[in-house]
Structure formats: structure tokens, C-alpha cells
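**Q** FYI, the numbering for the sequence shown is 66 to 377, going by this note's numbering. I'd like to ask some things about the structure below.
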Amino acid sequence: MQHEWDAIVVGGGPAGLSAALLLGRARRRVLLCDSGEHRNDRAVAMHGFLTRDGIPPGELRRLAREELRAYPGVQVADRRVLEAACAEAGFTVRLEGEEAPLHSRRLLLATGMVDELPDLPGLDVLWGRTVWHCPYCDGYERRDQPLAVYGEGRLGVKMALEVRSWSHDLVLCTGGSRIEAKDRRRLAELGIGLREERVVALEQEAGELRALRFADGSLLPRRGLFLAAPQRQRCELAERLGCQRTRKGMIRAGHDGSTEVPGLYVAGDASPHVQLAIVAAAQGSMAAFALNAELLREDLHAERRPLAAAPD
Ligand SMILES: Cc1cc2nc3c(=O)[nH]c(=O)nc-3n(C[C@H](O)[C@H](O)[C@H](O)COP(=O)(O)OP(=O)(O)OC[C@H]3O[C@@H](n4cnc5c(N)ncnc54)[C@H](O)[C@@H]3O)c2cc1C
66 MQHEWDAIVV GGGPAGLSAA LLLGRARRRV LLCDSGEHRN DRAVAMHGFL
116 TRDGIPPGEL RRLAREELRA YPGVQVADRR VLEAACAEAG FTVRLEGEEA
166 PLHSRRLLLA TGMVDELPDL PGLDVLWGRT VWHCPYCDGY ERRDQPLAVY
216 GEGRLGVKMA LEVRSWSHDL VLCTGGSRIE AKDRRRLAEL GIGLREERVV
266 ALEQEAGELR ALRFADGSLL PRRGLFLAAP QRQRCELAER LGCQRTRKGM
316 IRAGHDGSTE VPGLYVAGDA SPHVQLAIVA AAQGSMAAFA LNAELLREDL
366 HAERRPLAAA PD
């Protein structure tokens, strides 16, 4: 593998793929590294991506990789980035299974987030099929159907208020946590049901949610469930390089993905923006654009030659 790169992009989801595409078109030498742990791997369809509404997420990535093949400057390595460090004129990056470190003038992290799912028997089969985290992504297909929201405290209440736009037949399950009296009143005013007992299992049939089972054995029949689950960064590279996190755990970055570490960019779910695939792709492009503009300034500066003295 070549050892000198203009940019190394870490992450092969919509953000990283889109960044690699723009950098390839800018005729940069780009290495895209992907450990193959995409956040929406379990989703059967991806919605809200213009011209690709309902596409299986893996198919979007396959199409994107196919497009990248048209650009000779772009190389894809299905490897994890183990380490990255600031170095002279850029970064050194170490890949799994690669002895020698690589050098890159710029580094773009599009490493995504992990949903911290509750320990609910039955959830594993249903996650991404009839249990989701985002009503914008999957609410429309279950509109006006009996739905539930599962989430503790304010997180659960906020999501229940949001999901109500998709169905009025809605119950908030707090998993055993209690909510404040004012939230209880607000839910009652809106006709949102409330169950504060512990949920012990999700009952399914052929991969479809049928009901939530409570500790006393009672069942709440539902056709879909939205989880208000906390999240964490998928990898720690940004922190190790000196980036700060926002209150919500995202990597602090400017509008164009630039971070407080010179030459380091971030895009997609890992950065502080709306978490949608099309937004991640757009952020990938924005970060690639800003990163390339920096490289261009550097290149133009390096190429400047002193002018010959003007004749008198
Ligand atoms: C169940 C579910 C359903 C969803 N449905 C929708 C939907 O319908 N519509 C929609 O718009 N959004 C949907 N989303 C959200 C969508 O998945 C994310 O917004 C999107 O994937 C973010 O893209 P990303 O590129 O930032 O991160 P990801 O797609 O998560 O990609 C991160 C990439 O980084 C790689 N990576 C991480 N660390 C390393 C490392 N150290 N070395 C190498 N590679 C690394 C991973 O392998 C992965 O390729 C859904 C999410 C979930 C969980």
C-alpha cells in the first residue's frame, strides 16, 4: 500500500463515502478506511434519502463504492484504523494488519455513533425491522398504527411527544423509571398512554413486533416501537487527537467539519448535527471541500516562484 496520502478518510458510511467522492473528483490521493460496523446495518430500508427512499443501507454503500472506482486517486481499505497521531505536516495513521504507519496531510473522521440499546429480550431480532430510534426514518411506514416509545425520564417523554405526529395511538413505556408530574400531565392532555412498569420482553412473530410484555405478565399489543436510547462515539480517535466533545457526546466541530486540531475534520453522526444519512453525506462533502481548500492553499503557496526582476 502507498504510504503518502493527501487525505485519509476514516469511515465508510454515507459521510466518509461522500467525502472520498468529492476528494477523488478534486484529484486527491485519498485512502478510505472502513472497519465495516455501520450504524444502520440492521435496518432493512433507509428512508428519506432523495432518489433512494427505501433503499437497503448496504445497497447505498455498494453503489457509492462502485462510483468511487471511477477515480484513480481513491483507494478503499476494509481495515480498522487503530491509531492516529499529529505529525510533521499532517498525521500518521496505523491500520490493522499494516506494519508501517501511513502519512496523510489531512485526516477526516466519519466514524459514526453506537446506539446503547437496553437489555430487552427479543430486541435483537427486531432492531431495524419494527424497533427503531428515529421517527423521521421509519415513522411514516407505521403511521396511525399502535406504537410505543421506550425511554427513561425526559428522553422518553421528548420522544413520545415527537412520535405523536406519526400516530395518536401511542404509549410511552419508561422501563421502570418514574417521570415528573408535569410530564405526566402533558402526556395525558395529548392522549399518550403511560406505562411505568418494567418491560421484560418484546414479543415477536416472523420478525415483527407484536407486543411488549411487562413484569406482571401483561401484554401491550403494538406494531412498532421507538427507542430513546443514549449513544456513544464508535471510536476514540478524535479524543486521542485532542478534540473536545459537546454536552451530547458529539465531536466539537465547525459548520465545515473543522475541529480544534489543525488539519483534522469530522463529518456525519459523530459530529453535532441531525443524524440522517443524507445529512451525513452532505457533511462529508462539506468537510471534504474545506479540507481540499486548505490543501489547495498549501499547494499554491509551495508552487509560488520568485518573479524575475523587472527590467528597468
Ligand atoms: C436502525 C437504524 C435505522 C436508520 N434508518 C435511517 C433511515 O431510514 N434514514 C436515514 O437517513 N438515517 C437512518 N439511520 C441513521 C443513519 O444510519 C446514520 O445517520 C448514518 O449512517 C450516519 O452516517 P455516518 O457515515 O456518519 O456513520 P455510519 O454509517 O455509522 O458509518 C461509520 C463508519 O465508520 C467506520 N469506522 C468507525 N471507526 C472506525 C475505525 N477506527 N477504523 C475504520 N473505520 C471505522 C464504521 O465501520 C462505519 O463504516 C438509521 C440508524 C439506525 C440505527
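Glycine is no exception: its CB is placed at the ideal position from the N, C-alpha and C atoms.
(1) Between the Cα of PHE156 and those of ALA332, VAL265, ALA303, ARG310, spot the shortest distance and give me the residue it belongs to.
(2) With distances taken from CA atoms, which of ILE120, GLY81, GLY89, MET351 is nearest GLU101?
(3) Mind reading off the beta-carbon distance from VAL344 to HIS338? Whole number of angstroms is fine, and I expect it under 8 Å.
(4) Please name the residue or residues paired with ASP180 in a DSSP beta bridge.
(5) So, at 8 Å on beta carbons, what are the nonlocal neighbours of ARG263 in its own chain, with the 5 sequence-adjacent residues on each side left out?
(6) DSSP has ARG171 in a bridge; who is on the other side?
(7) So the alpha helix (DSSP H) PRO121 belongs to, where does it begin and stop?
(8) Residue range of the alpha helix (DSSP H) that LEU226 falls in?
(9) For the candidate residues LEU284, ALA253, ARG207, GLU254, whose alpha-carbon lies nearest to that of GLY267?
(10) On the CB-based measure, 16 or more other CB atoms within 10 Å of its CB, does TYR205 come out buried or exposed?
(11) Applying the criterion that 16 or more other CB atoms from any shown protein chain within 10 Å of the CB defines a buried residue, is LEU88 buried or exposed?
(12) What are the uninterrupted segments assigned as alpha helix (DSSP H) that are 4 or more residues long and contained completely in the region 207-288, given in chain order?
(13) How far does the alpha helix (DSSP H) with TYR201 in it reach, from first residue to last?
(14) Just to confirm before moving on: does the CB-CB distance between LEU173 and ALA352 stay below 8 Å?
(15) Below 7 Å, is the gap between the Cβ of VAL139 and the nearest heavy atom of ligand 1?
**A** This is what the structure holds:
(1) A check of alpha carbon separations from PHE156 across ALA332, VAL265, ALA303, ARG310 identifies ALA303 as the nearest.
(2) Note that residue 101 corresponds to Gly in the displayed sequence, not to Glu. Checking every option, the nearest Cα to that of GLY101 belongs to GLY81.
(3) That pair is a contact at about 6 Å.
(4) Under DSSP, ASP180 shares a beta bridge with GLN296.
(5) GLY240, GLY241, PHE279, ALA280
(6) In DSSP, ARG171 forms a bridge with ALA72.
(7) Looking at the DSSP string, PRO121 is not in any alpha helix (DSSP H), and its letter there is neither H nor E.
(8) 218-228
(9) Gly is not the amino acid found at residue 267; the sequence shown has Leu there. Ranking LEU284, ALA253, ARG207, GLU254 by Cα distance to LEU267 puts LEU284 first.
(10) exposed
(11) buried
(12) 218-228, 246-254
(13) 200-203
(14) Yes, Cβ-Cβ distance for LEU173 and ALA352 is below 8 Å.
(15) no
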